[in-house]
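Shown next, in structure tokens, is the structure this report addresses.
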Amino acid sequence: IHATGVSEEFENQSAVAMLSPVGADKAFALREIADCLGVGMETVAAFGDWHNDIPMLEAAGSAILMGNAPKGLYQKINHPNLLRTGPNDGSGIIEALRKLGVY
68 IHATGVSEEF ENQSAVAMLS PVGADKAFAL REIADCLGVG METVAAFGDW
118 HNDIPMLEAA GSAILMGNAP KGLYQKINHP NLLRTGPNDG SGIIEALRKL
168 GVY
């Protein structure tokens with residue numbers, strides 16, 4: 068896999084394998100969108116619930132980890148103001164927006 072320029076992520080407790088080009092992640096996409104909109108990353112909020120969300124959460128000004136995220140994911144994210152909220156199939160996003168003072 069490494070020889071092909073593809074990064075891999077395997078979750079050993081499920082049948083999940085995520086393959087993507089090296090350097091292509093949600094943080095890159097989020098930066099591109101912020102740049103197109105003319106806003107700084109410090110003004111961007113990102114919501115995530117899986118390992119592939121870590122770069123995006125670390126790049127955003129506000130990082131919100133959903134309540135349905137796997138156990139131990141919170142400790143892997145390096146963000147000074149990481150918020151935890153409820154699950155994404157409930158009112159977790161609204162709860163986080165209220166904590167951020169934007170709803």
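Quick note, the sequence shown lines up with residues 68 to 170 if you use the numbering used here.
All C-beta atoms in this analysis are idealised placements derived from N, C-alpha and C, irrespective of residue type, glycine included.
Enclosing alpha helix (DSSP H) for residue i [first to last residue]
i   : result
A94 : K93 to L104
Nearest-angstrom Cα separation, counted from residue j out to residue i
i    : j    : result
M123 : A113 : 7 angstroms
L97  : H118 : 16 angstroms
H146 : S129 : 9 angstroms
K143 : D120 : 11 angstroms
A94  : G115 : 11 angstroms
Residues near residue i in its chain [Cβ-Cβ closer than 7 angstroms; skip 5 each side]
i    : result
I161 : Y170
G159 : M133, G134, T152 and G153
Pair within 7 angstroms by beta-carbon distance, residue i and residue j
i    : j    : result
M108 : A126 : yes
K166 : L150 : yes
Cut-off 6 angstroms between Cβ atoms - residues of its own chain near residue i, not counting five sequence neighbours on either side
i    : result
A101 : M108 and V111
Practice task
Run through the region 135-161 for me and flag every whole alpha helix (DSSP H) of 4 or more residues, listed as ranges in chain order.
Solution key: 140-143
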